[in-house]
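Peer 1: Please see the structure below; I have some questions.
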Amino acid sequence: MHRTVGPSITRRTALAAGACLFGGPALAQPVCKLGLPNHVKGPAVWQDLHQDELDASYNQEFYQPHTDAINSRLSGLSYELRTRLGYPERVDYGEGPDEAMDIYKAPESGGPVFVFVHGGIWLYLDASYAGFAAEMFLDRGANFVSLDFAPVNELEGDLARQADQVRRGIAWVVRNAKSFGGDPARVYIGGHSSGGHLAAVALTTDWAGEFGLPTDAVKGGLCMSGMYDLEPVRLSWRSRYIAFTDAMEDATSPQRHLDRITAPVVVSYGTLETPEFQRQAKDFAAALEAAGKPVQLIVGQNYFHQDMWETLGNPYGPNGRAALAMMDLGP
C-alpha cells in the first residue's frame, strides 16, 4: 500500500512525518509528529492547502505510521474468529468475480442485519478483513454481512460503477435476508474510509425507484472516517487511479444529494486522522443537520484512522457503541 503521493513526497518522508518519539518523564510519553514534514509552501489548490499538503491529507501514512500493522492485526483477528466460530457463508450478489459477500449468521433467526463496506482507498483489502467485527453483532443476535466489490482500477477508474456494486449488494441483502435468518425490515449499513464514502453514497439511493424495494429499505447508516464531497479528492494524488469526470464527482458526492437521504445517519471520525478526513466528517454532519436530517456526530478522541475501524468490533468503542445504539441492541 506504500506509494509516492506527490512529486516531492516519498515513502521515506511519509514515514519520517509519522515517526513516534518518546519524551517526558522517564521517556514514558509518546510524542508523534503527524503530517507533512518540513516543506516549502506553494500556491493553494484547496482552501489553504497547497498540493503536497492536500496529497498528504488524503494519504493516511502521514498521520498513521502503523497502518500496515493494524491491517495485519485485523486480518489475524478475523482469521481467528473464522477458525473459532466457523467460516461465513459466501454468497454472490452479482455475476462479477468480486460481486459476493461474507454472511456471518446470528445464532437465532429473525435478528437485524448490519452490512459492512470495507475501505482501502477504493483499491485494496476485501471482505475477509472485516470478520473481526462480526462477533460483537452475533453476540447480540444480529447478522453481520461484509461486502466485496471490484477494485476501482478494474472498473476503469469509475467510482460510480463501484458504488453501483455496493448498492446491488445491499439490495440483495434486503431481498434475501430471510434466507439466512435476517430480518429484511431491519437492515443497517456502515462503512469505513473509502467504504464510509460508499456507504454514504448508498444512503442516497432511491431504493423504491431503482430496486423496487421499500423506500426505507435501509434503516440507518454509520459512516466512519469517510469522504463525502469529492472535489478535494479529485484535486489530490488519488486522481492518478480514479478517472474523475464532473458527472462522476457529482454523482458520488453524497453531501451534494442530502435530499435523497431518508435514513438516520451516524458520522464518526478520530481526532488523530488527517485534517481533511476530520473536516469531511464535520462538514457532512453539519450539512445533514442543516438539511433537517437525523444525524449524530461521533468524535473518537485520540484515535487514528485504522484504529477507528477497529473500534467497530468493540461495544465500548466509538463505532461499536454507535452501531449497537443505531440498531437498538444496547451496549
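Residues -28 to -1, 1 to 303 in mature numbering (1 follows the signal peptide of the UniProt record, and there is no 0) are what the sequence shown lists, from first letter to last. Ideal Cβ positions, reconstructed from N, Cα and C, are used throughout, including at glycine. Just so we're clear, the structure is a prediction, and the values are computed from it rather than from any experiment.
1. What number of angstroms, rounded off, separates the C-alpha of Ala99 from the C-alpha of Asn10?
2. Among Arg56, Thr176, Asn148, Pro123, whose alpha-carbon lies nearest the alpha-carbon of Asp231?
3. Indicate whether Leu194 and Glu221 have their beta-carbon atoms separated by less than 8 Å.
4. Kindly list the residues whose CB is nearer than 8 Å to the CB of Tyr160, restricted to its own chain and excluding five residues on each side of it in sequence; keep chain order.
5. What separation, rounded to the nearest whole angstrom, lies between the Cα atoms of Asn148 and Gly162?
6. Which residues in the same chain as Glu128 place their Cβ atom closer than 8 Å to its Cβ, once the five residues preceding and following it in sequence are excluded?
7. Pro186: buried (16+ other C-beta within 10 angstroms of its C-beta) or exposed?
8. Quick one: residues in its chain with C-beta nearer than 6 Å to the C-beta of Phe256, no 5 flanking neighbours on either side, listed in chain order?
9. May I have the straight-line CA-CA distance separating Ser(-21) from Phe34, to the nearest angstrom?
10. The alpha helix (DSSP H) with His169 in it runs from where to where?
11. Does the distance from the CB of Gly198 to the CB of Ala122 come in under 8 Å?
12. Which of the three DSSP states is assigned to Gln273 in this structure?
13. How should Glu245 be labelled, buried or exposed, when 16 other C-beta atoms within 10 angstroms of its C-beta is the threshold for buried?
14. With a threshold of 16 other CB atoms inside 10 Å of the CB of Ser208, please say whether the residue is buried or exposed.
15. Can you give me the start and stop residues for the beta strand (DSSP E) that Pro84 sits inside?
16. For Ala131 versus Trp94, is the C-beta spacing smaller than 8 Å?
17. Report the option in Tyr65, Gly242, Ser81, Gly292 whose CA atom is closest to the CA atom of Arg140.
18. According to DSSP, Leu230 sits in a beta bridge with which residue or residues?
19. Who are the Cβ neighbours of Leu26 in its own chain at under 8 Å, not counting the five residues just before and after it?
20. Indicate whether residue 355 and Lys265 have their beta-carbon atoms separated by less than 8 Å.
Peer 2: Result, derived from the coordinates:
1. What you label residue 99 is simply residue 127 of the sequence shown in a count that begins at 1. What you label residue 10 is simply residue 38 of the sequence shown in a count that begins at 1. Going from the Cα of Ala99 to the Cα of Asn10 covers about 38 Å.
2. Taking the sequence shown and counting its residues from 1, the one referred to as residue 231 is at position 259. Among Arg56, Thr176, Asn148, Pro123, the Cα nearest to that of Asp231 is on Thr176.
3. Counting from one through the sequence shown, the residue named residue 194 turns up at place 222. Counting from one through the sequence shown, the residue named residue 221 turns up at place 249. No. Outside cutoff.
4. For the purposes of this step, residue 160 is taken as residue 188 along the sequence shown, with counting starting at 1. Within the same chain, Cβ atoms closer than 8 Å to the Cβ of Tyr160 are found at Pro84, Val85, Phe86, Val87, Val190, Lys191, Gly192, Gly193, Leu194, Ala295, Met298, Met299, the five residues on either side in sequence being excluded.
5. Position 176 of the sequence shown, counting from 1, holds the residue named residue 148. Position 190 of the sequence shown, counting from 1, holds the residue named residue 162. Distance between the alpha carbons of Asn148 and Gly162 is about 19 Å.
6. Stepping through the sequence shown from its first residue, residue 128 is reached at position 156. Result list for Glu128: Ala215, in chain order.
7. The sequence position of residue 186 within the sequence shown is 214, counting from 1. With fewer than 16 other Cβ atoms within 10 Å, it is exposed.
8. Walking along the sequence shown from the start, residue 256 turns up at place 284. Here the set comprises Tyr200, Gln227, Val239.
9. Numbered from its first residue, the sequence shown carries residue -21 at position 8. Numbered from its first residue, the sequence shown carries residue 34 at position 62. Only weak support is given to the placement of Ser(-21): the predicted model assigns it a pLDDT of 41, under 50, and the value that follows is read from those uncertain coordinates. Between the alpha carbons of Ser(-21) and Phe34 lies a distance of about 14 Å.
10. Counted from its first residue, the sequence shown places residue 169 at position 197. Where His169 is concerned, the enclosing alpha helix (DSSP H) stretches over 166 to 175.
11. Your numbering for residue 198 matches position 226 in the sequence shown. Your numbering for residue 122 matches position 150 in the sequence shown. In this structure, Ala122 does not lie closer than 8 Å to Gly198 by Cβ.
12. What you label residue 273 is simply residue 301 of the sequence shown in a count that begins at 1. Reduced to three states, the DSSP call for Gln273 is coil.
13. Here residue 245 refers to the residue found at position 273 of the sequence shown. That one is buried.
14. Sequence index remark: in the sequence shown, residue 208 carries index 236 (1-based). With a 10 Å radius around the Cβ and a threshold of 16 neighbouring Cβ atoms, Ser208 comes out buried.
15. Reading the sequence shown from its first residue, position 112 is the one you call residue 84. Here the beta strand (DSSP E) through Pro84 covers 83 to 89.
16. By 1-based counting over the sequence shown, the position of residue 131 is 159. By 1-based counting over the sequence shown, the position of residue 94 is 122. According to the sequence shown, residue 131 is Leu rather than Ala. Taking 8 Å as the Cβ cut-off, Leu131 and Trp94 qualify as a contacting pair.
17. In the sequence shown, the residue the question calls residue 140 occupies position 168. Considering only alpha carbons, the answer is Tyr65.
18. Here residue 230 refers to the residue found at position 258 of the sequence shown. Looking at the DSSP assignment, Leu230 forms no beta bridge with any residue, so it has no partner.
19. As a working mapping, residue 26 is identified with position 54 in the sequence shown. Once the five neighbours on either side are set aside, the close Cβ partners of Leu26 are Val17, Trp18, Pro204, Leu207, Ser208, Glu248.
20. Coverage of the chain is limited to positions -28 through 303, which leaves residue 355 absent and any answer about it impossible.
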